[in-house]
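In the working numbering, the protein residues as written are 52 to 475.
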């Protein structure tokens, strides 16, 4: 299985919403037809212009003719995208068999995704008004929304659901906010929004800021506890409990490492850019990598080609390499081989990290880089989150290929970078 994380974030098209990842399921509350047009048109335009297949479930208060004309008005060359968007009625999408059958509708999503992916589209973008929804279907529809979250969350799908505010009481609003990652509403002249998920668009920065506000208060008592444990450990009366003391110290150190990872998300990174060669960075880390590998009866192989210097922060690149190396070593059994390759591909410098482990489960690989998503029993998933943030700041693309024979992270560094001091 191969995933390209360079395209994992999609353009929302909506002026007040940042780019969002595949798997995003959002909700808006509208009051007028004009409100819907203001949201749907830029939303679909962004999808059309970024190689996504679009499905507009057209129903009240907008007709298919009005939807088509609005897109033509907004996109001068709309005819070029005519085969890339499908207008479908609620009866065809939701009530295909005369009643609302959530299982059948969910099958429709997956069938449509498989169809358009086979045609070369990057993913599926769906939106429409739920004006058709009868109150007798409400509970079943909320159960469906919950199941839809799980399907969207592991596939190349983004979905915007629209509900007329006049049709929703407080209980309905709460149900909808709870079943979507992100919600927004038209208040007088402006759109207001709220987020319902830590996996939001700026989630890494948010988590870091939250952690930073309490990290020092947590670390102070931890330092005191560690000191007292070490003091007790040195007493002859407690020699029989050395294993317990070692375990406590190990767990305190692990907690401290997690806090440090949180804090690294909070900091506004100031890159100390300099012209460096990835080969030099990798070879400088070789003794450390070999020491970690040899003590576990594993091997390190490095193959490098001639490459130009890149304008990078060496501290950050070392952090990326060490994190990927640690993940690779932990994924392998004894006699496993971790391989590093650096070479040129067209006008890009490539760094590949290959392990010979058992691969990453499909349900995990789709969410790599998300905090708390990890295959490790005691992991946090923050290491890859930090790495992806660093690489994104350099406009570096990441592809991950995984199978039962191992996993490969392939990183593409563009030769042209702002303020770069050497050209490819």
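Every residue, glycine too, gets a C-beta built ideally from N, C-alpha and C. Just so you know, these numbers come straight off a predicted model, no measurement behind them.
Notebook entry, point to check: Tell me which same chain residues have a C-beta within less than 6 Å of the C-beta of residue 394, skipping the five on either side of it?
Noted result: Counting from 1 along the chain shown, the entry for residue 394 is found at position 343. Only 356, 401 meet the Cβ criterion.
Check: Span of the beta strand (DSSP E) holding residue 463?
Finding: Residue numbering aside, residue 463 sits at position 412 when the chain shown is read from its first letter. Counting along the chain, the beta strand (DSSP E) containing residue 463 begins and ends at 457–465.
Note to self: Does the stretch 148–157 come into contact with the stretch 66–76, if we say contact requires no fewer than three beta-carbon pairs (one atom in each stretch) closer than 8 Å?
What the structure shows: no
Note to self: Using the three-state DSSP reduction, which class does residue 252 fall into: helix, strand or coil?
What the structure shows: Looking up residue 252 in the chain shown gives position 201. Below a pLDDT of 50, predicted positions are generally treated as unreliable, and residue 252, at 39, falls in that range; the measurement from the model is reported next regardless. Coil, per DSSP.
Next item on the list: With a 10 Å radius around its C-beta and 16 neighbouring C-beta atoms as the bar for buried, classify residue 204 as buried or exposed.
Entry: Here residue 204 refers to the residue found at position 153 when the chain shown is read from its first residue. The residue in question, residue 204, is buried, as its Cβ has 16 or more Cβ neighbours within 10 Å.
Checklist line | residue 195 - containing beta strand (DSSP E), residue span | finding: Within the chain shown, the letter at position 144 stands for residue 195. Counting along the chain, residue 195 falls outside any beta strand (DSSP E), though it belongs to the alpha helix (DSSP H) covering 189–204.
Margin query: Quick check on residue 207: does DSSP put it in helix, strand or coil?
Written below: As a working mapping, residue 207 is identified with position 156 in the chain shown. Three-state result, residue 207: coil.
Checklist line | Among 228, 361, 351, 65, the one whose alpha carbon lies nearest that of residue 331 | finding: Here the question's residue 331 lines up with position 280 in the chain shown. It is 361.
Item checked: Beta-bridge partners of residue 395, as assigned by DSSP -> Position 344 of the chain shown, counted from the first residue, corresponds to residue 395. Residue 395 is bridged to 400.
Next item on the list: Compute the distance between the beta-carbons of residue 95 and residue 105, then report whether it is under 7 Å.
Entry: On the chain shown, position 44 is the one that residue 95 refers to. On the chain shown, position 54 is the one that residue 105 refers to. In contact: residue 95 and residue 105 (Cβ atoms closer than 7 Å).
Margin query: Quick check on DSSP: helix, strand or coil for residue 104?
Written below: As a position in the chain shown, residue 104 is number 53, starting the count at 1. DSSP places residue 104 in strand when its eight states are reduced to three.
Check: What residues are listed by DSSP as bridge partners for residue 137?
Finding: The residue given as residue 137 occupies position 86 in the chain shown. 106.
Notebook entry, point to check: Alpha carbon to alpha carbon, how far is residue 247 from residue 223?
Noted result: Residue 247 sits at position 196 when you count from the first residue of the chain shown. Residue 223 sits at position 172 when you count from the first residue of the chain shown. Low confidence applies to residue 247: its pLDDT is 47, below 50, so where it sits in the model is not reliable, and the reading given next is rough at best. If I take the Cα positions, the gap works out to 15 Å.
Item checked: Burial state of residue 232, where buried means 16 or more other Cβ atoms lie within 10 Å -> For the purposes of this step, residue 232 is identified with residue 181 of the chain shown, where counting begins at 1. Buried, by the Cβ-count rule.
Next item on the list: Alpha carbon to alpha carbon, how far is residue 301 from residue 125? Give it in angstroms, no decimals.
Entry: Within the chain shown, the letter at position 74 stands for residue 125. Within the chain shown, the letter at position 250 stands for residue 301. Each residue's Cα considered, the two are about 60 Å apart.
Check: Going by beta carbon distance, what residues of the same chain come within less than 8 Å of residue 434, once the five residues before and after it are set aside?
Finding: Within the chain shown, numbered from 1, the residue matching residue 434 stands at position 383. The residues are 312, 374, 377, 378.
Check: Considering only residues of the same chain and omitting the five flanking positions on each side of residue 4, which have a CB-CB separation below 7 Å?
Finding: As displayed, the chain neither begins before 52 nor continues past 475, which places residue 4 out of reach and without an answer.
Check: At which residues does the beta strand (DSSP E) containing residue 89 begin and terminate?
Finding: The count along the chain shown starts at 1 and reaches residue 89 at position 38. Here residue 89 belongs to no beta strand (DSSP E); instead the alpha helix (DSSP H) covers 84–99.
Note to self: As an exercise, report each continuous beta strand (DSSP E) stretch of at least 3 residues that is fully enclosed by the stretch 117–164, in chain order.
What the structure shows: As for any beta strand (DSSP E) of minimum length 3 sitting wholly inside the stretch 117–164, the runs are 136–139, ordered along the chain.
Checklist line | Local conformation of residue 222 per DSSP, three classes | finding: For the purposes of this step, residue 222 is taken as the residue at position 171 of the chain shown. Residue 222 falls in the helix class under three-state DSSP.
Check: How should residue 458 be labelled, buried or exposed, when 16 other C-beta atoms within 10 angstroms of its C-beta is the threshold for buried?
Finding: Mapped onto the chain shown, residue 458 falls at position 407. Buried.
Next item on the list: For the stretch 81–98 and the stretch 120–138, state whether three or more C-beta atom pairs, one from each stretch, are separated by less than 8 Å.
Entry: yes
Note to self: Using only the alpha-carbon positions, how far apart do residue 86 and residue 129 sit?
What the structure shows: To locate residue 86, count along the chain shown from 1; it is residue 35. To locate residue 129, count along the chain shown from 1; it is residue 78. Rounded to the nearest angstrom, the two C-alpha atoms are 22 Å apart.
Item checked: Boundaries of the alpha helix (DSSP H) in which residue 372 is found, first to last residue -> Taking the chain shown and counting its residues from 1, the one referred to as residue 372 is at position 321. Its alpha helix (DSSP H) spans residues 365–382.
Check: Does the Cβ-Cβ distance between residue 176 and residue 100 come in under 7 Å?
Finding: Against the chain shown, residue 176 aligns to sequence position 125. Against the chain shown, residue 100 aligns to sequence position 49. Contact: no.
Next item on the list: Report all residues from its chain with a CB closer than 7 Å to the CB of residue 324; omit the five preceding and five following residues, and keep chain order.
Entry: The residue given as residue 324 occupies position 273 in the chain shown. Closer than 7 Å at the Cβ level, and outside the excluded window around residue 324, lie 362, 363, 364, 470.
Check: Can you tell me where the alpha helix (DSSP H) with residue 334 in it begins and where it stops?
Finding: Residue numbering aside, residue 334 sits at position 283 when the chain shown is read from its first letter. Element bounds for residue 334: 329–345.
Note to self: On the criterion of 16 or more Cβ atoms from any shown chain inside 10 Å, does residue 189 qualify as buried, or is it exposed?
What the structure shows: Taking the first residue of the chain shown as position 1, residue 189 is located at position 138. Under this definition residue 189 is an exposed residue.
Next item on the list: Ignore the nearest five residues each way along the sequence and tell me which others in residue 283's own chain have a CB closer than 6 Å to its CB.
Entry: For the purposes of this step, residue 283 is taken as the residue at position 232 of the chain shown. So the qualifying residues of the chain are 289.
Check: Which term fits residue 66, buried or exposed, when burial requires 16 or more other beta carbons within 10 angstroms of its beta carbon?
Finding: For the purposes of this step, residue 66 is taken as residue 15 along the chain shown, with counting starting at 1. Exposed, by the Cβ-count rule.
Notebook entry, point to check: Which stretch, first to last residue, makes up the beta strand (DSSP E) that contains residue 450?
Noted result: Translated into positions along the chain shown, residue 450 becomes position 399. Segment 448–454, the beta strand (DSSP E) holding residue 450.
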